[in-house]
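Student:
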Amino acid sequence: MLSRILTALTVIATASVVVAIPVEQVKRGTEIAPTIQVCSGAVGASGCISIPVVSDACINFVGGLTFLNKEVSAVVVPGGFVCTFAADFGCDIAQGGGVVLTSGTWSMAKVPGTAGFVNFNDQASSFTCSPL
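In terms of mature numbering (1 follows the signal peptide of the UniProt record, and there is no 0), the sequence shown is residues -20 to -1, 1 to 112.
#1: Where does residue 15 sit, in a helix, a strand or coil, going by DSSP?
#2: Quick check: what's the CA-CA separation for residue 63 versus residue 16?
#3: Counting along the chain, where does the beta strand (DSSP E) carrying residue 78 start and finish?
#4: Could you work out which residue in 36, 100, 86 and 13 is closest to residue 56 when comparing CA atoms only?
#5: Using CA atoms only, rank isn't needed, just tell me which of 101, 95, 54 and 105 is closest to residue 84.
#6: For residue 43 and residue 67, I'd like the C-alpha separation in whole angstroms.
#7: So what's residue 44 in DSSP terms, helix, strand or just coil?
#8: When the Cα of residue 70 is compared with those of 21, 20, 105 and 19, which residue comes out closest?
#9: Which residues mark the beginning and the end of the beta strand (DSSP E) in which residue 107 is found?
#10: Excluding sequence positions up to five away, which residues of its chain have a Cβ less than 7 Å from the Cβ of residue 58?
#11: Does residue 7 come out as helix, strand or coil in the three-state DSSP assignment?
#12: Counting only the same chain and skipping the five closest in sequence on each side, list residues whose C-beta sits under 7 Å from that of residue 91.
Have a look at this one:
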């Protein structure tokens, strides 16, 4: 019994602690990193989160971002970036489709596709951004 308690205490003591860092404190060198705002509702509503843009990194809506999986309704892409939203995890648009958005505020209900505007509301599972 004592060994189980010690094992449990060891696991608790060595567990990683995740701390939320305000976006203003996320920095690259001496500059504040740009962020993309992703929303499960309208921009400015309670379901929005700002995510630091890490160039060419695929962000899957898992873990702390699970609430956004297949729930993204609006995004604000920072100036100077292009972001690709994919219907599947892994940012692969060939499998499940996706949309490419340049800087600005977008309602996912009407975003540019290859043959005109498309409805990509509540379809995204991942995204990646790159500088223009």
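C-beta atoms are modelled at their ideal positions from N, C-alpha and C, and glycine is treated no differently. Note that the structure is predicted; figures quoted are calculated from it, not measured.
Tutor: In terms of the structure at hand:
#1: strand
#2: 9 Å
#3: 78 to 87
#4: 86
#5: 54
#6: 17 Å
#7: helix
#8: 105
#9: 106 to 111
#10: 14, 15, 16, 33 and 83
#11: Low local confidence applies: a pLDDT of 48 at residue 7 is under 50, so the model's placement there is unreliable, and no value is given.
#12: 79, 81, 97, 98 and 100
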